[in-house]
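J.: Residue numbers (my numbering): 24 to 284.
Ideal Cβ positions, reconstructed from N, Cα and C, are used throughout, including at glycine.
This one's a predicted model, so the numbers in the text were calculated from it and none came from an experiment.
First, the structure itself, so that you have it in front of you.
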């Protein structure tokens with residue numbers, strides 16, 4: 024059974040201000056679910072460099088698998104590459120493979136009449152900054168425009184653009200962490216409960232987790248329009264979850280609630 028925790032760090036003032044809406048968390052949940060994995064935590068961080076450094080120091084000290092989106096460009100508000108190097112206590116250097124890929128991209132654009140393939144020009148030197156990574160990093164390929172992300176210390180750093188980040192997430196999950204896929208079969212069952220206060224069923228939820236230690240119970244009350252209810256359920260290993268579900272349904276009936284499948 025895998026105990027590896029997978030987390031997501033999203034960096035960008037535009038998310039915190041509401042100028043952009045995060046799309047990475049639901050996508051990563053989807054990609055993980057397809058591989059029998061689940062997301063263990065999410066953190067939103069501003070573009071403030073000291074904040075990013077402290078966040079990454081804590082993160083690097085863990086054994087978690089971490090995906091980090093945003094801030095790896097070459098404009099002044101992009102501070103993730105520099106912060107990662109500082110958090111690890113290593114230097115920054117132009118990665119040779121990144122240099123090759125960025126140069127190829129510039130040549131391809133020049134062939135289409137957009138810019139120049141001369142890497143000595145100031146604008147192309149600036150583009151090469153996107154390949155300056157903490158020493159010891161490995162490349163994360165970017166099929167959209169070749170400009171890579173980087174991987175170091177179990178952390179995968181990607182751009183904030185979904186069209187680039189999502190293929191990089193998939194590649195990383197399938198190439199670096201394939202051994203984690205579908206290690207433990209897990210299921211989730213739930214049903215709606217009516218005419219029952221959450222406080223009355225709570226002791227049964229506690230007892231359930233004592234009887235089936237590997238099963239997690241959940242209770243999601245609805246307070247919106249219409250008939251109030253609780254979305255009640257369990258998640259865990261199939262056999263144990265099935266037993267726990269039967270126990271929970273009976274507990275609801277005994278407590279005076281009515282339920283649906």
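Between the alpha carbons of residue 178 and residue 101, how many angstroms are there, rounded?
T.: Walking along the chain shown from the start, residue 178 turns up at place 155. Walking along the chain shown from the start, residue 101 turns up at place 78. The alpha-carbon atoms of residue 178 and residue 101 are separated by roughly 17 Å.
J.: Kindly give me the distance between the Cβ atoms of residue 275 and residue 219, rounded to whole angstroms, as I take these residues to be in contact under 8 Å.
T.: Locating residue 275 in the chain shown gives position 252, counting from the first residue. Locating residue 219 in the chain shown gives position 196, counting from the first residue. Contact holds; Cβ gap of about 6 Å.
J.: Under 8 Å, with one C-beta from each stretch per pair, do the segment 254 to 273 and the segment 238 to 246 reach the 3-pair mark?
T.: Yes: at least three Cβ pairs fall under 8 Å.
J.: In chain order, which alpha helix (DSSP H) runs of at least 4 residues are fully inside the segment 92 to 160?
T.: Qualifying alpha helix (DSSP H) stretches, in chain order: 103 to 111, 119 to 134, 145 to 151.
J.: Considering only DSSP beta bridges, list what residue 90 is partnered with.
T.: On the chain shown, position 67 is the one that residue 90 refers to. Looking at the DSSP assignment, residue 90 forms a beta bridge with 31, 179.
J.: With DSSP as the reference, label residue 36 as helix, strand or coil.
T.: Sequence index remark: in the chain shown, residue 36 carries index 13 (1-based). If DSSP states are grouped into helix, strand and coil, residue 36 belongs with the helices.
J.: For residue 24, count neighbouring Cβ atoms within 10 angstroms of its own Cβ and tell me buried if that reaches 16, exposed if not.
T.: Taking the chain shown and counting its residues from 1, one reaches residue 24 at position 1. Confidence at residue 24 is low in this model, with a pLDDT of 41, below 50, so the placement of that residue should be treated as unreliable; the coordinate-derived value is given next. With fewer than 16 other Cβ atoms within 10 Å, it is exposed.
J.: Which residues in the same chain as residue 172 place their Cβ atom closer than 6 Å to its Cβ, once the five residues preceding and following it in sequence are excluded?
T.: Numbered from 1 along the chain shown, position 149 holds the residue referred to as residue 172. Excluding residues within five positions, the ones whose Cβ falls inside 6 Å are 163, 180, 181, 191.
J.: Can you tell which of 61, 40, 34, 35 has its C-alpha closest to the C-alpha of residue 203?
T.: Taking the chain shown and counting its residues from 1, the one referred to as residue 203 is at position 180. Out of 61, 40, 34, 35, 61 has the C-alpha closest to the C-alpha of residue 203.
J.: Helix, strand or coil for residue 198 per DSSP?
T.: Residue 198 sits at position 175 when you count from the first residue of the chain shown. Looking at residue 198 - three-state DSSP - the assignment turns out to be helix.
J.: Do residue 167 and residue 155 have their C-beta atoms closer together than 8 Å?
T.: Against the chain shown, residue 167 aligns to sequence position 144. Against the chain shown, residue 155 aligns to sequence position 132. Taking 8 Å as the Cβ cut-off, residue 167 and residue 155 do not qualify as a contacting pair.
J.: Residue 83 lies in the beta strand (DSSP E); which residues open and close that run?
T.: If you number the chain shown from 1, residue 83 lands on position 60. That residue, residue 83, is in no beta strand (DSSP E); its alpha helix (DSSP H) goes 72 to 83.
J.: With contact counted as at least three CB pairs below 8 Å, one residue from each stretch, are the segment 137 to 148 and the segment 45 to 56 in contact?
T.: No contact exists between the segment 137 to 148 and the segment 45 to 56.
J.: Alpha carbon to alpha carbon, how far is residue 27 from residue 211? Give it in angstroms, no decimals.
T.: Here residue 211 is taken as the residue at index 188 of the chain shown, counted from 1. Here residue 27 is taken as the residue at index 4 of the chain shown, counted from 1. In a straight line, the C-alpha of residue 211 is about 20 Å away from that of residue 27.
J.: Tell me which residue opens and which closes the beta strand (DSSP E) that residue 278 is part of.
T.: On the chain shown, position 255 is the one that residue 278 refers to. Note, residue 278: premise wrong, no beta strand (DSSP E); not H, not E.
J.: Do residue 157 and residue 170 have their beta-carbon atoms positioned less than 8 Å apart in this structure?
T.: By 1-based counting over the chain shown, the position of residue 170 is 147. By 1-based counting over the chain shown, the position of residue 157 is 134. In this structure, residue 157 does not lie closer than 8 Å to residue 170 by Cβ.
J.: Can you tell me the Cα-Cα spacing of residue 144 and residue 67, whole angstroms?
T.: Locating residue 144 in the chain shown gives position 121, counting from the first residue. Locating residue 67 in the chain shown gives position 44, counting from the first residue. If I take the Cα positions, the gap works out to 36 Å.
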